[in-house]
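Residue 0 is where the sequence shown starts when you use numbering that gives the first Met the number 0, and the numbers rise one by one after that.
Note that the Cβ used here is the ideal one computed from N, Cα and C, for glycine as well.
Written below as structure tokens is the structure these notes are about.
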Amino acid sequence: MQVGSDGVLSCATCHFNAGADTRDRNQISANLSDANFKANVAPNGSKLGGDNIFGNSTVPFTANDPNFGTLIEPPDANFNRPGHPTFGPNYRVIANDFPLNDWFSPTELTPRGPGVTLFEEMSNVSRDTNDVLASQGVRFTKFVAVNPGSAVDSGTPNADIFNLATPGTLNLNGRVRRAMPRNSPTMVNAVFNFDNLWEGRASFIFNGVNNWGFRDQNSKVQKNVNGQLTPVFLRITNSSLASVAVGPPTSNIAMSFAARTMPDIGKKLTNLRPLGKQFVHPHDSALGSLSRATLNATGQLGGSRGLRTRSYCEMIQAAFQDQWWNHPDALAPVAAPLTATLQQPTSNLGDDDSHSSSQVMPEVKVIKGAAVRRVRHVDDDEQGGTGGGTGGSGSETDGSGGAPSGACQGSAVLATGYTQMQLNFAMFFGLAVQAYEATLISDDTPFDRYNGAVNPVRQADGSPCPAAGCTPIFPDPTALTDRQLLGLDLFTDASTPPDPAQQTHCADCHVPPVTTGHTILDYQPDDQGVPSLAMGEAIEFMFMGDNGEQANYDHGMYNIGVRRSGCGELSCGAEDKGRIANSPFTNPLTGKPFPVSLVELTALREDLSCNTPTGCLPPDVARFIPDVPMLPRRVTNGAFKAPNLRNIKYSGPYFHVGDSATLRQVVEFYARGGNFPNTNLHDKTVDVEGIPLLMFPEFDPFAAANVEALVDFLANGLTDKRVAFEQGPFDHPQLFVANGSPTAHPEQDSMMEIPAVGTEGRTTELPTFLNLDPQQP
Numbered sequence: 000m001q002v003g004s005d006g007v008l009s010c011a012t013c014h015f016n017a018g019a020d021t022r023d024r025n026q027i028s029a030n031l032s033d034a035n036f037k038a039n040v041a042p043n044g045s046k047l048g049g050d051n052i053f054g055n056s057t058v059p060f061t062a063n064d065p066n067f068g069t070l071i072e073p074p075d076a077n078f079n080r081p082g083h084p085t086f087g088p089n090y091r092v093i094a095n096d097f098p099l100n101d102w103f104s105p106t107e108l109t110p111r112g113p114g115v116t117l118f119e120e121m122s123n124v125s126r127d128t129n130d131v132l133a134s135q136g137v138r139f140t141k142f143v144a145v146n147p148g149s150a151v152d153s154g155t156p157n158a159d160i161f162n163l164a165t166p167g168t169l170n171l172n173g174r175v176r177r178a179m180p181r182n183s184p185t186m187v188n189a190v191f192n193f194d195n196l197w198e199g200r201a202s203f204i205f206n207g208v209n210n211w212g213f214r215d216q217n218s219k220v221q222k223n224v225n226g227q228l229t230p231v232f233l234r235i236t237n238s239s240l241a242s243v244a245v246g247p248p249t250s251n252i253a254m255s256f257a258a259r260t261m262p263d264i265g266k267k268l269t270n271l272r273p274l275g276k277q278f279v280h281p282h283d284s285a286l287g288s289l290s291r292a293t294l295n296a297t298g299q300l301g302g303s304r305g306l307r308t309r310s311y312c313e314m315i316q317a318a319f320q321d322q323w324w325n326h327p328d329a330l331a332p333v334a335a336p337l338t339a340t341l342q343q344p345t346s347n348l349g350d351d352d353s354h355s356s357s358q359v360m361p362e363v364k365v366i367k368g369a370a371v372r373r374v375r376h377v378d379d380d381e382q383g384g385t386g387g388g389t390g391g392s393g394s395e396t397d398g399s400g401g402a403p404s405g406a407c408q409g410s411a412v413l414a415t416g417y418t419q420m421q422l423n424f425a426m427f428f429g430l431a432v433q434a435y436e437a438t439l440i441s442d443d444t445p446f447d448r449y450n451g452a453v454n455p456v457r458q459a460d461g462s463p464c465p466a467a468g469c470t471p472i473f474p475d476p477t478a479l480t481d482r483q484l485l486g487l488d489l490f491t492d493a494s495t496p497p498d499p500a501q502q503t504h505c506a507d508c509h510v511p512p513v514t515t516g517h518t519i520l521d522y523q524p525d526d527q528g529v530p531s532l533a534m535g536e537a538i539e540f541m542f543m544g545d546n547g548e549q550a551n552y553d554h555g556m557y558n559i560g561v562r563r564s565g566c567g568e569l570s571c572g573a574e575d576k577g578r579i580a581n582s583p584f585t586n587p588l589t590g591k592p593f594p595v596s597l598v599e600l601t602a603l604r605e606d607l608s609c610n611t612p613t614g615c616l617p618p619d620v621a622r623f624i625p626d627v628p629m630l631p632r633r634v635t636n637g638a639f640k641a642p643n644l645r646n647i648k649y650s651g652p653y654f655h656v657g658d659s660a661t662l663r664q665v666v667e668f669y670a671r672g673g674n675f676p677n678t679n680l681h682d683k684t685v686d687v688e689g690i691p692l693l694m695f696p697e698f699d700p701f702a703a704a705n706v707e708a709l710v711d712f713l714a715n716g717l718t719d720k721r722v723a724f725e726q727g728p729f730d731h732p733q734l735f736v737a738n739g740s741p742t743a744h745p746e747q748d749s750m751m752e753i754p755a756v757g758t759e760g761r762t763t764e765l766p767t768f769l770n771l772d773p774q775q776p
């Protein structure tokens with residue numbers, strides 16, 4: 000919680016419920032990434048323009064930008080659909096608000112194909128909005144400075160559209176926390192993903208500075224080479240979780256006051272007590288041995304907050320090689336790293352700063368600094384510290400977890416006010432968060448026990464394998480109920496007719512056993528991080544539904560028509576570009592930004608017009624890209640990762656926009672073949688064409704049984720009991736998260752306590768979103 004500028008926000012704030020976010024108040028974004036509202040010039044203060052109107056209908060509203068003045072299609076009052084007029088900042092959603100894009104007959108096939116008009120495509124729509132159910136972050140504030148010894152930064156409030164005085168219009172009065180432009184994906188099993196986040200902007204290659212990996216050609220970390228502080232390149236493969244971790248802490252929507260950098264965060268955290276504002280359960284599977292808390296006879300926590308380790312500085316010294324933090328005292332100035340060429344983003348979310356960072360390291364000059372100290376554990380509080388770091392009296396939202404006075408600096412203090420340790424803090428932070436999240440592997444569901452394991456990584460009771468290895472875990476035919484077995488059969492198309500039109504195609508994208516396709520297992524990268532096309536499936540092709548052409552796409556990334564991203568009969572509507580979005584770094588050979596998509600990068604690699612051996616990519620970028628021929632057509636527009644489905648019961652609302660509140664609503668989406676299949680026809684996957692076996696369950700008992708079985712398999716057959724009850728390794732320290740604000744006091748937060756849990760877990764199952772039954776339509 001000390002990472003956020005306000006001393007409240009943490010990475011776990013948006014990932015506290017089975018790795019996801021189920022809060023219900025102040026979670027609505029007006030859709031800051033909607034490119035249809037191209038005349039809006041970032042009224043929200045971020046790099047995004049987009050829509051600043053809450054709850055507005057987009058049928059046919061997205062085609063008619065009210066700010067641009069030119070109607071793309073004629074308005075038709077008889078065709079307009081209601082939006083969600085109650086939506087706005089601090090609104091508390093209810094079950095009746097979902098799905099956001101609602102239908103008179105939710106399993107009736109949505110019209111699509113050549114000649115189908117927008118009016119025909121949308122004739123069954125009863126309600127619509129482009130708003131997003133996401134996660135609330137920070138109040139919009141300009142960063143001023145770190146306050147030594149405090150978890151709360153100094154800042155100046157900025158006017159924002161997220162306010163209760165004039166919602167959607169900039170105002171300093173009545174401001175509440177901002178909401179991000181996308182729903183938060185689960186971090187459980189995210190270690191299996193090749194790139195991470197919805198469109199994969201968290202790179203498989205970690206550069207130690209930001210989330211963009213090799214796309215940032217000038218990202219460097221500071222290494223002590225024989226006493227000389229030297230900027231060096233860092234490129235770590237298989238590390239997209241580290242790339243994820245370093246984005247939100249500097250986002251002025253997610254966790255940070257605007258313009259704060261990772262070295263600023265390092266300056267704050269290196270001398271704060273770890274978890275200084277939170278109780279850590281003495282039985283915590285990862286941190287219990289370092290906890291300062293105590294358990295009384297009734298199991299209640301007491302004692303002190305935080306860890307016995309004095310500071311994050313000492314933890315860094317214990318975990319990382321000295322050369323990355325031990326730069327000695329006064330040396331001659333050294334050259335600063337080259338600064339990256341930044342292009343002001345003009346597209347939508349792929350170019351925003353909500354989970355992204357394009358930081359440039361501060362200039363490096365050396366002045367006399369502090370001595371190096373090694374990690375030391377203390378159980379008392381006699382050295383000082385404030386707020387939550389001094390016993391159990393500090394509140395969850397004030398004070399700080401300050402470390403005792405005299406805590407280590409780690410290296411010389413530079414003229415900019417940063418130490419080498421603080422300059423490299425993004426590297427430490429990213430790799431440390433990744434090391435923890437890599438333990439969050441859910442692999443013990445009824446589905447897993449039904450299949451068994453030939454080479455298990457632990458024994459059937461969960462205990463570690465002996466030195467000689469574990470004996471095979473034999474399949475348990477009773478692990479799934481009869482209804483769940485029917486659901487599995489439908490999910491995998493094991494017994495469905497050979498006609499593809501009669502199949503669900505679920506497993507085509509949500510590939511078992513991980514239940515997603517954009518994984519390291521699929522991409523098979525070599526030791527340099529280049530996907531192996533001989534063994535893997537990184538770049539695939541499909542026959543497109545509009546004209547039968549073949550097109551390349553990034554494996555595991557699909558346009559399924561949740562929201563508009565393409566051109567229909569009369570209109571275009573790119574609400575979110577998805578995988579086709581760009582990074583903020585300019586390709587010197589084209590003068591355009593490097594794309595996020597591997598397919599688009601590979602096309603540049605094969606482009607001969609730049610007359611270089613590596614096509615239209617610089618060699619230090621091309622080295623991570625396959626050298627293979629590409630088709631002329633590529634379908635990356637509006638494509639998003641097929642998420643893993645394990646423990647999906649607890650991770651609603653669903654899809655990248657939070658459209659659906661229950662798994663039944665998700666199944667109905669696929670039954671009708673998507674929301675905008677005709678508008679997105681040029682880019683949409685052919686695997687989402689409607690599922691006759693699931694249509695009209697209100698009239699067909701056979702379809703009703705199929706729908707219920709598929710939902711049951713998803714909700715219960717894929718649930719790991721350890722996740723459901725937060726047993727180790729899914730236990731965690733205490734956390735406080737904001738769930739909106741009191742209506743009369745928008746400047747305050749309504750805080751939810753997520754109690755500290757030890758390895759034994761909690762006594763009750765995690766809640767679903769809005770406590771809804773997964774079977775509820």
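Where Glu198 and Ala431 are concerned, what is the direct C-alpha to C-alpha distance, given to the nearest angstrom? Rounded to the nearest angstrom, the two C-alpha atoms are 23 Å apart.
Looking at C-alpha atoms only, which residue of Thr589, Met556 and Leu163 is the closest neighbour of Gly577? Nearest of Thr589, Met556 and Leu163 to Gly577, Cα basis: Met556.
State the start and end residues of the unbroken alpha helix (DSSP H) segment that holds Met445. It is Pro, not Met, that sits at residue 445 in the sequence shown. For Pro445, the enclosing alpha helix (DSSP H) begins and ends at Pro445 to Asn450.
Tell me the rounded alpha-carbon separation between Asn347 and Arg457. Confidence at Asn347 is low in this model, with a pLDDT of 33, below 50, so its placement is unreliable and the value that follows should be read with caution. Whole-angstrom Cα-Cα distance: 44 Å.
Gly68 to Arg563, Cα distance in whole Å? Unreliable placement is indicated for Gly68, whose pLDDT of 44 sits below 50; the coordinate value is still reported in the next sentence. CA-to-CA, the gap between Gly68 and Arg563 works out to about 20 Å.
How would you label Ile93, buried or exposed, when you count the other beta carbons within 10 angstroms and need 16 or more for buried? Under this definition Ile93 is an exposed residue.
Excluding the 5 residues flanking Arg419 on each side, which residues of the same chain have their C-beta closer than 8 Å to its C-beta? For the sequence presented, residue 419 should be read as Gln rather than Arg. The beta carbon of Gln419 sits closer than 8 Å to those of Gln221, Asn223, Leu228, Trp323, Trp324, Asn325, His326, Gly409, Ser410, Ala411 and Leu413, all from its chain and outside the five residues before and after it, given in chain order.
Closer than 8 Å by C-beta to Pro166: which residues in its own chain qualify, once you throw out the five before and the five after it? Chain order, please. So the list reads Phe53, Gly87, Pro88 and Ile160, once near-sequence residues are dropped.
Pull the bridge partners of Thr229 from the DSSP assignment, please. According to DSSP, Thr229 bridges with Lys222.
Which of helix, strand or coil DSSP assigns to Asn558: Coil, per DSSP.
Limits of the alpha helix (DSSP H) - the one that Thr601 falls within: Judged by DSSP secondary structure, Thr601 falls within the alpha helix (DSSP H) whose first and last residues are Leu597 to Arg604.
Could you have a look at Thr763 and say whether DSSP puts it in helix, strand or coil? Coil at Thr763, not helix or strand.
What does DSSP give as the partner residues of Ile472 in its beta bridges? Ala452.
Go through its chain and collect everything with a Cβ distance to Met426's Cβ below 6 Å, but skip five positions before and after it. Only Gly207 and Val220 meet the Cβ criterion.
Return the CA-CA distance between Gln299 and Pro766, expressed in angstroms with no decimal places. Whole-angstrom Cα-Cα distance: 22 Å.
Between Ala150, Ala189 and Ala19, which has its C-alpha nearest Leu268's C-alpha? Closest option to Leu268, Cα to Cα, is Ala150.
State yes or no: is the C-beta of Ala478 within less than 8 Å of the C-beta of Tyr449? It is a contact, given that the beta carbons lie within the stated cut-off.
Taking Cβ to Cβ, would you say Val687 is nearer than 8 Å to Arg633? Not closer than 8 Å, so no.
Same chain only: Cβ atoms within 7 Å of Asn770, ignoring 5 sequence neighbours per side: Here the set comprises nothing.
Between Gln216, Gly560, Ala703 and Phe191, which lies nearest to Pro230 when the distance is taken from Cα to Cα? Measuring from the Cα of Pro230, the nearest candidate turns out to be Gln216.
Tell me the rounded alpha-carbon separation between Ser310 and Thr106. Ser310 and Thr106: Cα-Cα distance of roughly 56 Å.
Between Phe103 and Ser659, is the Cβ-Cβ spacing less than 8 Å? With a cutoff of 8 Å on beta-carbon distance, Phe103 and Ser659 are scored as not near each other.
On a CA-only basis, which of Val561, Val656, Ile559 and Glu539 is nearest Asn551? Give me that one, please. Checked all of Val561, Val656, Ile559 and Glu539; the closest Cα to Asn551 is Glu539.
Asp553 in three-state terms, based on DSSP: The answer is strand: DSSP assigns Asp553 an E or B state.
Looking only at DSSP bridge pairs, what is Asn785 linked to? Absent from the structure is residue 785, since the part of the chain shown begins at 0 and ends at 776.
Residue closest to Leu485, alpha-carbon to alpha-carbon, out of Phe446, Ile519, Asp498 and Leu520: It is Phe446 whose Cα lies nearest to the Cα of Leu485.
Since Ala244 and Cys10 are thought to touch, with beta carbons under 8 Å apart, how far apart are those beta carbons, to the nearest angstrom? Their Cβ separation, rounded to whole angstroms, is 7 Å, which keeps Ala244 and Cys10 in contact under 8 Å.
Mind checking Leu713: buried by the 16 CB within 10 Å criterion, or exposed? If you draw a 10 Å sphere on the C-beta of Leu713, you find 16 or more other C-beta atoms in it, and that means buried.
Check for me: the alpha helix (DSSP H) holding Ser494 runs from which residue to which? Where Ser494 is concerned, there is no enclosing alpha helix (DSSP H), given that its DSSP letter is neither H nor E.
First and last residue of the uninterrupted alpha helix (DSSP H) at Gly547: Note, Gly547: premise wrong, no alpha helix (DSSP H); not H, not E.
Within this structure, are the beta carbons of Pro273 and Asp545 separated by less than 8 Å? Not closer than 8 Å, so no.
Three-state secondary structure assigned by DSSP to Phe424: Phe424 carries a helical assignment under DSSP once its states are collapsed to helix, strand and coil.
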